[in-house]
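Peer 1: The structure is given below, and queries will be raised subsequently.
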Amino acid sequence: MTSPFRIGDGPAVNRLGFGTMQLTGPGVWGPPADPETAVAVLRRAAELGTDLFDTADSYGPEVAEDLLRRALHPYSGLTVATKAGLLRTGPGEWHPCGRPEYLRQQCELSLRRLGVERIDLFQLHRIDPAVPADEQFGVLAALKAEGRVAEVGLSEVGIEQIEQARRVVDVATVQNRYNLVDRASDAVLRYCTEQGIGFLPWFPIASGRLAEPGGPVAETAERLRATPAQVALAWLLRRSSVMLPIPGTSTLAHVEENARAADLELDREAVEKLDAAA
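According to the UniProt record's numbering, the sequence shown is numbered sequentially starting from 1.
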């Protein structure tokens, strides 16, 4: 079992969270085919000890936040993270929008949809290159000062951008794509580990060819009587003490499978093989 991690000045959370993006329709657009199952999946995740739930205004859009409220409000003992900064124009279409008035508007709408007076963790989904970055960070700082958000996070950023943001507002988390086969954010992860900043890897279970028969993930899973997804998540948890994977799923079977990854102990042989595999 991994040790909990404290996000900023907030409560400590179990390091294996849940991401809500897969609970929406195809292309992360519209409602799920079976909303009742989506609600059941969220509730089951909480029953299994998940206490960090990551969502965004753009998932659906709005759909995932609504499902989260329906399933888990008033979120007793849970930390809810949401994001703003991406406009949706259709299935699979995402466009950065970091205008301060837009980010403030989306924060207010998320507060209303989630049914809270303060968002536990409010993340800038993307830095909009068309808007001065300090203006985007400035509205995050203002929302925190006003008590509308408790902690601030960034998504898909490099070290220079994190440091620029930290001159304006405390940064509690970073959410970048990271998994066994995509380690482009290794330097960012090292920086976050050194600085005590939570790192939420999105698309965390991807293992590609490594999970094919004879590959290191498949071999490790067979030897440890685990699944490739569990091995991928256990490797992430072992990678850094600030790592907060947020695997998502729309099925009860997979939410239970993923939850068991927190208890999977990778031995040195497995870790060395997986570290060298990418």
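By construction, the Cβ of each residue, glycine as well, lies at the ideal position given by its N, Cα and C atoms.
1. Under DSSP, the beta strand (DSSP E) around V174 begins and ends at which residues?
2. Measure the Cβ-Cβ separation of A172 and V152 and say whether it is below 8 Å.
3. Assign A6 to one of three DSSP states: helix, strand, or coil.
4. Tell me the rounded alpha-carbon separation between L266 and G77.
5. Taking the alpha-carbon of P228 as reference, which of E257, L252 and T82 has the nearest alpha-carbon?
6. Measuring straight from C-alpha to C-alpha, what distance separates V13 and I197?
7. Which partner residues does S155 have in the DSSP bridge list?
8. Please classify E65: is it buried, with 16 or more other beta-carbons within 10 angstroms of its beta-carbon, or exposed?
9. Who are the near neighbours of G8 in its chain, counting only those whose CB is closer than 6 Å to its CB and skipping five residues on each side?
10. Mark Q123 as exposed unless 16 or more other C-beta atoms lie within 10 angstroms of its C-beta, in which case mark it buried.
11. Just to confirm, are W29 and G49 a CB contact at a threshold of 8 Å?
12. How long is the line joining the alpha carbons of W202 and R177, rounded to whole angstroms?
13. Please state if the CB of P91 and the CB of Q136 are separated by a distance shorter than 8 Å.
14. Please classify H125 as buried or exposed, where buried requires at least 16 neighbouring CB atoms within 10 angstroms.
15. Among Y102, V131 and F18, which has the Cα closest to the Cα of D51?
16. Does the Cβ-Cβ distance between P103 and T82 come in under 8 Å?
17. Among A71, R239, P26 and Q161, which one has its Cα closest to the Cα of A40?
Peer 2: A quick look at the data gives this:
1. Position 174 of the sequence shown, counting from 1, holds the residue named residue 174. Taken as a continuous stretch (DSSP letters only), the beta strand (DSSP E) holding V174 covers T173 to Q175.
2. Along the sequence shown, read from residue 1 onward, the residue named residue 172 stands at position 172. Along the sequence shown, read from residue 1 onward, the residue named residue 152 stands at position 152. The Cβ-Cβ distance between A172 and V152 falls below 8 Å.
3. What you label residue 6 is simply residue 6 of the sequence shown in a count that begins at 1. For the sequence presented, residue 6 should be read as Arg rather than Ala. Strand, per DSSP.
4. For this step, residue 266 is matched to residue 266 along the sequence shown. For this step, residue 77 is matched to residue 77 along the sequence shown. Their backbone Cα atoms lie some 29 Å apart in a straight line.
5. Working through the sequence shown from its first residue, we reach residue 228 at position 228. Among E257, L252 and T82, the Cα nearest to that of P228 is on E257.
6. In the sequence shown, counting from the first residue as 1, residue 13 sits at position 13. In the sequence shown, counting from the first residue as 1, residue 197 sits at position 197. Roughly 13 Å separates the two Cα atoms.
7. Taking the first residue of the sequence shown as position 1, residue 155 is located at position 155. Answer by DSSP bridge pairing, in chain order: Q175.
8. Here residue 65 corresponds to residue number 65 of the sequence shown, with the count starting at 1. Using a 10 angstroms sphere on the CB of E65, the tally of other CB atoms reaches 16 or more, which defines it as buried.
9. Translated into positions along the sequence shown, residue 8 becomes position 8. Here the set comprises E151 and A172.
10. Along the sequence shown, one-based indexing puts residue 123 at 123. By the 10 Å Cβ count, Q123 comes out buried.
11. Within the sequence shown, numbered from 1, the residue matching residue 29 stands at position 29. Within the sequence shown, numbered from 1, the residue matching residue 49 stands at position 49. G49 is positioned such that its CB atom lies no closer than 8 Å to that of W29.
12. Here the question's residue 202 lines up with position 202 in the sequence shown. Here the question's residue 177 lines up with position 177 in the sequence shown. Linking W202 to R177 through their CA atoms gives a straight-line distance of about 5 Å.
13. Numbered from its first residue, the sequence shown carries residue 136 at position 136. Numbered from its first residue, the sequence shown carries residue 91 at position 91. With respect to the 8 Å criterion, Q136 and P91 are not classified as neighbours on the basis of their beta carbons.
14. To locate residue 125, count along the sequence shown from 1; it is residue 125. H125 comes out buried.
15. Taking the sequence shown and counting its residues from 1, the one referred to as residue 51 is at position 51. Here the closest residue by C-alpha is F18.
16. Against the sequence shown, residue 103 aligns to sequence position 103. Against the sequence shown, residue 82 aligns to sequence position 82. Residue identity differs from the one stated: residue 103 is Leu in this sequence, not Pro. Contact: no.
17. On the sequence shown, position 40 is the one that residue 40 refers to. Comparing Cα positions, the closest option is A71.
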